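Counting in the UniProt record's numbering, the sequence shown runs from 1 upward without gaps.
The beta carbon of each residue, even a glycine, is placed where N, CA and C say it ideally should be.
In this text, all values refer to a predicted model and were calculated from it rather than measured experimentally.
The block underneath contains the structure these notes are about, expressed in structure tokens.
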Amino acid sequence: MKRTGTLLGAICILLSVVIFLVPFAFVVLQAMKTPAEASQLRFSWPQEMAFVENLVEVLTMRDGIVLRAFVNSTVLTVTSVAIMVIVAAMVGYVLQRRASRWNPVVNFFVLAGLIVPPAVVPTVWLLQALGLFKTMPGLILIEATFGLSFCILLFRAFVGTIPRELDEAALIDGAGAVRLFFTVILPLMKPTVITVIVVQAVNVFNDFTNPLYFLPGDENATVQLTLYNFMSQTLNQWNLLFTDVLLITIPPLVMYIFFNRQIVAGMTSGAVKG
């Protein structure tokens, strides 16, 4: 039995290496090559190291569009994730703690947010009517809305593991509803908060379709849209493309490395009780 478990573990590790590390190593190798070498798309060590030149060219191309894109993506990610955390934590707490005739209706819309695919054209019409099309606030609302359902379910499951006696004790001590939530409940949600921040930050930072549809234009470019700068119908600058891919990959990778345990804790927090 132990041998079988060890063998399965070894197979899983090997598959993980093949699926994740090999493609990442390929990206790194291409980012270090000259244009001629990178165009061959071979998994080989570069004959001439050109990583610094590629990096400088990527960061300075088109008046620093990649740097502007990193700023735009950072603003988009931080703001939309902050909205998701606060709103989803409040909704999840109320749904779990307060029985109401409106709960089934709210639950229906929460589940619908996970099932119903987003409609691009009606959303564009709505943003145009509100004067938010091609604006950062409009895209922030889009990202926060699309990620809200998943976050609410996580927070609701975690609130089910928090004893109700804590709520009652805080109310007896004179805490109001707002103070109860922000000083007692929200600090206890730390594992789920970290999970939501990391998972949704990676999703928003790596999002390609929503910025493409709802925030077009070079001034509004996000990091994923900068990949277009190195691809065309006649010429693909593979060395610059893979350098840009490497730059885009580093922030989410660092977040997952440092917070992987908290992510697992947050995802499984409501699995037993709730």
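{"Check": "Take Pro-35 as the anchor and find which of Val-75, Phe-133, Asn-54 has the nearest alpha-carbon.", "Outcome": "Asn-54"}
{"Check": "What residue from Leu-41, Leu-153, Phe-258 has the CA that sits closest to Val-198's CA?", "Outcome": "Phe-258"}
{"Check": "Run through DSSP, which three-state label would Gly-92 get?", "Outcome": "helix"}
{"Check": "Mapping DSSP to helix, strand and coil, what is Val-17?", "Outcome": "helix"}
{"Check": "By DSSP, does Ser-73 sit in helix, in strand, or in coil?", "Outcome": "helix"}
{"Check": "In angstroms, rounded to a whole number, what distance separates the CA positions of Arg-3 and Cys-12?", "Outcome": "14 Å"}
{"Check": "Does the segment 209-225 come close enough to the segment 58-70 that 3 or more CB-CB pairs lie under 8 Å?", "Outcome": "yes"}
{"Check": "For Pro-173 and Val-85, I'd like the C-alpha separation in whole angstroms.", "Outcome": "Going by the sequence as given, residue 173 is Asp instead of Pro. About 27 Å."}
{"Check": "Under the assumption that Leu-148 contacts Phe-214 (Cβ atoms under 8 Å), give the Cβ distance between them as a whole number of angstroms.", "Outcome": "The Cβ separation is near 17 Å, so there is no contact."}
{"Check": "Are the beta-carbon atoms of Ile-185 and Tyr-256 separated by less than 8 Å?", "Outcome": "no"}
{"Check": "Taking its Cβ as the centre, do 16 or more other Cβ atoms sit within 10 Å of Pro-23, making it buried, or is it exposed?", "Outcome": "exposed"}
{"Check": "Rounded to the nearest angstrom, what separates Val-87 and Ala-99 at their Cα positions?", "Outcome": "18 Å"}
{"Check": "Go to Pro-46, then tell me how far its alpha helix (DSSP H) extends in each direction, as first and last residue.", "Outcome": "Taken as a continuous stretch (DSSP letters only), Pro-46 belongs to no alpha helix (DSSP H), as it is neither H nor E."}
{"Check": "Count the other C-beta atoms from every protein chain shown that fall within 10 angstroms of the C-beta of Lys-33, then say buried if there are 16 or more, exposed otherwise.", "Outcome": "buried"}
{"Check": "Please classify Ala-50 as buried or exposed, where buried requires at least 16 other C-beta atoms within 10 Å of its C-beta.", "Outcome": "buried"}
{"Check": "Just to confirm my understanding: we take Phe-133, look at its own chain, exclude 5 residues before and 5 after, and list those with CB closer than 8 Å. What are they?", "Outcome": "Val-124, Leu-127, Phe-214"}
{"Check": "Look at the alpha carbon of Gly-274 and the alpha carbon of Pro-104, and state the distance between them as a whole number of angstroms.", "Outcome": "Low per-residue confidence applies at Gly-274: pLDDT is 42, beneath 50, and the placement is therefore not dependable, though the value from the model is reported in the following sentence. Roughly 17 Å separates the two Cα atoms."}
{"Check": "Within 10 angstroms of its Cβ, does Arg-156 collect 16 or more other Cβ (buried), or is it exposed?", "Outcome": "buried"}
{"Check": "Rounded to a whole number of angstroms, what is the C-alpha to C-alpha distance between Val-18 and Ser-44?", "Outcome": "16 Å"}
{"Check": "Leaving out five residues on either side along the sequence, give the residues of the same chain with a beta carbon under 8 Å from the beta carbon of Val-27.", "Outcome": "Phe-242, Val-245, Leu-246, Thr-249"}
{"Check": "Decide if Thr-77 is buried, meaning its Cβ has at least 16 other Cβ atoms within 10 Å, or exposed.", "Outcome": "buried"}
{"Check": "What is the rounded straight-line gap between the Cα of Pro-251 and the Cα of Leu-180?", "Outcome": "35 Å"}
{"Check": "Going by CA-CA distance only, name the one from Val-110, Met-61, Asp-63, Ile-152 that's closest to Met-189.", "Outcome": "Ile-152"}
{"Check": "If we count the other Cβ atoms within 10 Å of its Cβ and call it buried at 16 or more, is Thr-192 buried or exposed?", "Outcome": "buried"}
{"Check": "Under a Cβ-count criterion, where at least 16 other Cβ atoms within 10 Å of its own Cβ denotes burial, should Ala-25 be classed as buried or exposed?", "Outcome": "exposed"}
{"Check": "Write down every uninterrupted run of the alpha helix (DSSP H) in the segment 92-160 whose length is 4 residues or greater and which is fully enclosed by it, in chain order.", "Outcome": "103-115, 120-130, 136-159"}
{"Check": "Look at the Cβ atom of Val-56, then the Cβ atom of Leu-240, and state whether they are nearer than 8 Å.", "Outcome": "no"}
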